[in-house]
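Asker:
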Amino acid sequence: MAWRNVWRNRRRTLVTIAAMSLALLVMILYAGLMAGYFRDMERNILDLEVGDLQVFAQSYRDNPSLYTRIEDPDGLLGSLEAAGVQASGRLLAWGLAAGEDTSSGASFRGVDVERDTQVSKIHREVADGEWLDPADPKGVVLGRRLARTLGVKRGGEVVVLTQGADGAMAYDLFRVRGILKGIGDATDRAGLFMNEAVFRELLLVPEGAHQIIVRRSQEQPLEGVADLVRSVAAELDVKTWRQLLPTLASMLDSGRSAMMVMFVIVYIAIGIVILNAMLMAVFERIREFGVLKAIGVGPFEVLRLIVVESAIQTGIAVAIGATLAVPGLYYLSHTGIDLGGMSMMGIAMDPIWRAEASPETFTQPIVVLLCIVAVAVIYPALKAALIEPVEAMRHQ
Amino acid sequence: MNDTHSSPIAELRDVTKVYRQGALEVHALRGLNLSIERAEFSAVCGPSGSGKTTALNIMGALDKPTSGEVLLEGTDLAKLSRRVLSHLRRDRIGFVFQAYNLMPVLTAFENAEIVLSLQGVVPEERRERVMGLLADVGLEGLEDRRPDELSGGQQQRVAIARAIAGNPAIVLADEPTANVDSENAEHLLDIMEALNRDRGVTFLFSTHDPRVMERARRVVRIVDGKVESDDRRA
Ligand SMILES: Nc1ncnc2c1ncn2[C@@H]1O[C@H](COP(=O)(O)OP(=O)(O)OP(=O)(O)O)[C@@H](O)[C@H]1O
Ligand SMILES: [Mg+2]
């Protein structure tokens, strides 16, 4: 009976099912795109700039000095590796970089080229030229805005000027080996990468590291890895990326909740459509329910009839919506949407926006849709179940 | 129970019914007394608005009186819960309404079967009984038609089959012939007369229809919510 009732008003049923399917489809794709967006944004920042965790000598972050170093980075790196996390050290210093006729403040970063590739993907982000190579000690890589400020191109010359560990002026002439793509404000404007060995020589820092970047695998929880690193590097300052970039972390979090708000709004709209359809389906048949109740059909059976009717429609809608979402999501997660490169809040974005397809991408919208239908069906179903037969039959 | 022949199947005692519409009070029944015996074939008639439908609804446990007593097979309905009343309607009362009796999505057979399913009768027995009933009301071969594939008279016959399928104590039919032409009305009356005669089914109609009044063995005339006359024929 429920099945036949569903197909009584074919057009309304189809419209209802179409609305629910479409809503579900949109929600699944939207959920996938947003999840992908946040994943890529997070991944970009972590991959290119901060890593998951950073380790410093105590007080370095408050007062970054050339002399405040992690004493035995190799030992620490070894223990971390033994504990199953990737890590690499960097040397940091500030000074002046000069091109042909301009100069600019720069942040010098001494990188262990081989190790660094395990913790950072910045080596892939060279727009022009190539990444550092230990075989090319005089080759440096510049942030794109620094390069523009200095007016240097790939192959051009840069003079680096700073104060060495001995307190004396240190300077040298380098060649621009590569210029980076947009990474993030700080790196774009001031980043100057050089080989670790060259850094040590220039600044007279034979050992130690200022910063150790730690990465975890997808399965390892951030806090878990943080605890692990803290246990290995007891005297050092261990910070997660969330602590290092609290604004960004909260931005990502609030972005996710903004996404939820969007969801709620769309779902309320869908809920109204469904409620309306259910109300119409019930109220145009109010006489029928009156007759049923008059001849002794109990309120529970009437309720069940209506619930089953909407369950049938919802089931069909879920099947259609989820089925259509599969190729859609497949396309969006593999091919993606080409945004042509844009940056948000100083953070470089992938030029291709790809969706994330996970079971939750499907289950969440489906569960919410089911809840909405359940809520929307309660009122009309109760109304029909509890109607007084005499009143219902007077209803024309 | 020992003296079923003298105790009425259904009885209204001093029943009043007041409908309230905002400030307005409509006195639909003003002290109605009506007693229906087993195997009666009776009609209540009266001008429009006199309270016929109200009386039938109250007798059929669809509506509650404002005052007075309603007894069905000796039981005072006032004491029963909604749930018990619903079961009582299912098991002891058959209803035929003026129109829109049937579920449009169900076939004639399925419509006639509803009450039996609710009573928990097993499918084979349901089938046997309903097929027999549909044959009795002259619908052999039309069991699988939907209401919209049946004439108004045929639909009413399905409604009659449904009403008596559960072996009720009484069938209450509110203007059952109002929406059918006179030929079909006669036919419906033939069918109900036969059921009354052969199966002893008790019928109480409300009607404006002189044909029904003519065929009824007892005609109770209600005016202004009270019995004005009560004619029994042999
Ligand atoms: N639910 C209600 N609310 C208000 N007034 C009602 C209601 N039901 C019936 N009435 C009024 O009660 C009176 C009796 O109505 P009832 O339907 O019993 O008359 P009837 O004899 O069946 O009339 P008809 O021959 O037109 O069917 C009428 O005045 C009617 O308007
Ligand atoms: Mg009436």
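Chains as they are written, first to last, in this note's numbering: chain W, 84 to 479; chain Z, 121 to 354.
We put the beta carbon where it would ideally sit given N, CA and C, even for glycine.
Here the structure is a predicted model, which is why all the values come from computation and not from measurement.
Anything in chain Z within Cβ reach of residue 437(W), meaning under 9 Å, just list it in chain order.
Answerer: On the first sequence, residue 437(W) is found 354 positions in, with the first residue counted as 1. In chain order: nothing, as chain Z lies at least about 47 Å away.
Asker: Assuming residue 292(W) contacts residue 173(W) (C-beta within less than 8 Å), just tell me the rounded distance between them.
Answerer: Position 209 of the first sequence, counted from the first residue, corresponds to residue 292(W). Position 90 of the first sequence, counted from the first residue, corresponds to residue 173(W). Residue 292(W) to residue 173(W), Cβ: 6 Å. Contact.
Asker: Unbroken beta strand (DSSP E) runs of length 3 or more, entirely within the region 161-227 of chain Z: which are they?
Answerer: DSSP runs (the beta strand (DSSP E)) wholly in the region 161-227 of chain Z: 161-165, 187-192 and 213-216.
Asker: Sorted by chain position, which residues of the same chain lie with C-beta nearer than 8 Å to residue 189(W)'s C-beta, five sequence neighbours on each side aside?
Answerer: Within the first sequence, numbered from 1, the residue matching residue 189(W) stands at position 106. Here the set comprises 177, 178, 179, 180, 229, 243, 273, 274 and 275.
Asker: Below 7 Å, is the gap between the Cβ of residue 294(Z) and the nearest heavy atom of ligand 4?
Answerer: Looking for ligand 4 in the displayed structure turns up nothing; the ligands present are ligand 1 and ligand 2.
Asker: Under the assumption that residue 285(Z) contacts residue 232(Z) (Cβ atoms under 8 Å), give the Cβ distance between them as a whole number of angstroms.
Answerer: Position 165 of the second sequence, counted from the start, is the residue given in the question as residue 285(Z). Position 112 of the second sequence, counted from the start, is the residue given in the question as residue 232(Z). That pair is a contact at about 6 Å.
Asker: Taking the beta strand (DSSP E) that residue 132(Z) belongs to, which residues open and close that run?
Answerer: The residue you call residue 132(Z) lines up with position 12 of the second sequence. Element bounds for residue 132(Z): 130-141.
Asker: I'd like to know whether the C-beta of residue 209(Z) is nearer than 8 Å to at least one C-beta of chain W.
Answerer: Walking along the second sequence from the start, residue 209(Z) turns up at place 89. Yes, residue 209(Z) counts as interfacial toward chain W.
Asker: So, using beta-carbon positions, are residue 295(Z) and residue 326(Z) closer together than 8 Å?
Answerer: For the purposes of this step, residue 295(Z) is taken as the residue at position 175 of the second sequence. For the purposes of this step, residue 326(Z) is taken as the residue at position 206 of the second sequence. Going by C-beta atoms, residue 295(Z) is nearer than 8 Å to residue 326(Z).
Asker: By alpha-carbon positions, which one of 170(Z), 320(Z), 274(Z) and 300(Z) ends up nearest to residue 291(Z)?
Answerer: Position 171 of the second sequence, counted from the start, is the residue given in the question as residue 291(Z). Measuring from the Cα of residue 291(Z), the nearest candidate turns out to be 320(Z).
Asker: For residue 137(Z), is the beta carbon positioned less than 7 Å from some heavy atom of ligand 2?
Answerer: Numbered from 1 along the second sequence, position 17 holds the residue referred to as residue 137(Z). Checking every heavy atom of ligand 2 against the Cβ of residue 137(Z), none is found closer than 7 Å.
Asker: From this set, 246(W), 227(W) and 277(W), which residue's C-alpha is nearest residue 219(W)'s C-alpha?
Answerer: Numbered from 1 along the first sequence, position 136 holds the residue referred to as residue 219(W). That would be 277(W), whose Cα lies nearest to the Cα of residue 219(W).
Asker: Does the beta carbon of residue 390(W) sit closer than 8 Å to a beta carbon anywhere in chain Z?
Answerer: In the first sequence, the residue the question calls residue 390(W) occupies position 307. Cβ-Cβ to chain Z under 8 Å: no for residue 390(W).
Asker: Whole angstroms is fine: what's the gap from residue 349(Z)'s alpha carbon to residue 151(Z)'s?
Answerer: The count along the second sequence starts at 1 and reaches residue 349(Z) at position 229. The count along the second sequence starts at 1 and reaches residue 151(Z) at position 31. Approximately 14 Å between the Cα atoms of the pair.
Asker: Starting from the N-terminal side, write out each stretch of the beta strand (DSSP E) that is 3 residues or longer and does not extend beyond the region 218-285 of chain Z.
Answerer: Qualifying beta strand (DSSP E) stretches: none in this window.
Asker: If the cut is a Cβ gap below 8 Å, which residues of chain Z does residue 307(W) touch?
Answerer: The residue you call residue 307(W) lines up with position 224 of the first sequence. Going along chain Z, no residue has its Cβ under 8 Å from residue 307(W), so there is no contact; the nearest lies around 58 Å.
Asker: Could you name the residues that DSSP lists as bridge partners for residue 191(W)?
Answerer: Here the question's residue 191(W) lines up with position 108 in the first sequence. According to DSSP, which records beta bridges pairwise, residue 191(W) is partnered with 176(W) and 275(W).
Asker: State the CB to CB distance for the pair residue 377(W) and residue 182(Z), rounded to an integer number of angstroms; the pair is presumed to be in contact (CB under 8 Å).
Answerer: Here the question's residue 377(W) lines up with position 294 in the first sequence. Here the question's residue 182(Z) lines up with position 62 in the second sequence. That belief holds up - the Cβ atoms of residue 377(W) and residue 182(Z) are roughly 6 Å apart, short of 8 Å.
Asker: Can the beta-carbon of residue 296(W) be found closer than 8 Å to that of residue 161(W)?
Answerer: Numbered from 1 along the first sequence, position 213 holds the residue referred to as residue 296(W). Numbered from 1 along the first sequence, position 78 holds the residue referred to as residue 161(W). Their beta carbons are not under 8 Å apart, which means residue 296(W) does not touch residue 161(W) by this criterion.
Asker: Given that residue 299(W) touches chain Z, what residues does it touch there, using C-beta distances under 9 Å?
Answerer: Position 216 of the first sequence, counted from the start, is the residue given in the question as residue 299(W). Here the premise fails: no neighbours, minimum Cβ distance about 60 Å.
Asker: Given 8 Å as the limit, is there contact between the region 109-116 of chain W and the region 433-447 of chain W, that is, 3 or more CB pairs closer than that?
Answerer: Yes, since at least three Cβ pairs between the region 109-116 of chain W and the region 433-447 of chain W fall closer than 8 Å, the two stretches touch.
Asker: Are there three or more Cβ pairs, one per stretch, closer than 8 Å when the region 196-211 of chain W is compared with the region 305-324 of chain W?
Answerer: In short, these stretches do not touch, since the Cβ pair count stays below three.
Asker: Apart from the five residues on each side of it in sequence, which residues of its chain come closer than 8 Å, Cβ to Cβ, to residue 259(W)?
Answerer: The residue you call residue 259(W) lines up with position 176 of the first sequence. The answer, listed in chain order, is 212, 222, 223, 224, 225, 230, 235, 236, 237, 238, 239, 240 and 241.
Asker: Do you know how far the Cα of residue 136(Z) is from the Cα of residue 100(W)?
Answerer: Against the first sequence, residue 100(W) aligns to sequence position 17. Against the second sequence, residue 136(Z) aligns to sequence position 16. Taking the straight line joining both Cα atoms gives about 49 Å.
Asker: Is there at least one non-hydrogen atom of ligand 2 closer than 7 Å to the beta-carbon of residue 327(Z)?
Answerer: Taking the first residue of the second sequence as position 1, residue 327(Z) is located at position 207. No, ligand 2 has no heavy atom inside 7 Å of this Cβ.
Asker: Are any of the Cβ atoms in chain W nearer than 8 Å to that of residue 342(Z)?
Answerer: Position 222 of the second sequence, counted from the start, is the residue given in the question as residue 342(Z). No, its Cβ sits nowhere closer than 8 Å to a Cβ of chain W.
Asker: Taking the C-alpha atoms as reference points, what is the distance between residue 154(W) and residue 294(W)?
Answerer: Within the first sequence, numbered from 1, the residue matching residue 154(W) stands at position 71. Within the first sequence, numbered from 1, the residue matching residue 294(W) stands at position 211. Each residue's alpha carbon lies about 11 Å from the other.
Asker: Quick check: does the Cβ of residue 297(Z) come within less than 7 Å of any heavy atom belonging to ligand 2?
Answerer: Numbered from 1 along the second sequence, position 177 holds the residue referred to as residue 297(Z). Checking every heavy atom of ligand 2 against the Cβ of residue 297(Z), none is found closer than 7 Å.
Asker: Could you say which of 384(W), 455(W), 137(W) and 440(W) lies nearest to residue 354(W) if we only look at CA atoms?
Answerer: For the purposes of this step, residue 354(W) is taken as residue 271 along the first sequence, with counting starting at 1. Of 384(W), 455(W), 137(W) and 440(W), the residue nearest in Cα terms is 455(W).
Asker: When DSSP labels each residue in this structure, what does residue 316(Z) get in the three-state scheme?
Answerer: Stepping through the second sequence from its first residue, residue 316(Z) is reached at position 196. Note: residue 316(Z) maps to helix in three-state DSSP.
Asker: I'd like to know whether the C-beta of residue 370(W) is nearer than 8 Å to at least one C-beta of chain Z.
Answerer: For the purposes of this step, residue 370(W) is taken as the residue at position 287 of the first sequence. For residue 370(W), the answer is yes, since a Cβ of chain Z falls inside 8 Å of its Cβ.
Asker: Taking beta-carbon pairs under 8 Å, can you tell me which members of the region 127-153 of chain Z lie near chain W?
Answerer: The residues in question: there are none.
Asker: For ligand 2, is there any heavy atom lying closer than 7 Å to the beta carbon of residue 172(Z)?
Answerer: The residue given as residue 172(Z) occupies position 52 in the second sequence. Result yes, Cβ under 7 Å from ligand 2.
Asker: Against chain W, with Cβ distances strictly below 8 Å, would residue 177(Z) count as a contact?
Answerer: Here residue 177(Z) refers to the residue found at position 57 of the second sequence. Yes, residue 177(Z) counts as interfacial toward chain W.
Asker: At a Cβ threshold of 8 Å, is residue 231(Z) touching chain W?
Answerer: Counted from its first residue, the second sequence places residue 231(Z) at position 111. So, not an interface residue.
Asker: Determine, using beta carbons only, whether residue 284(Z) comes closer than 8 Å to chain W.
Answerer: Indexing the second sequence from 1 puts residue 284(Z) at position 164. So no, residue 284(Z) is outside the interface.
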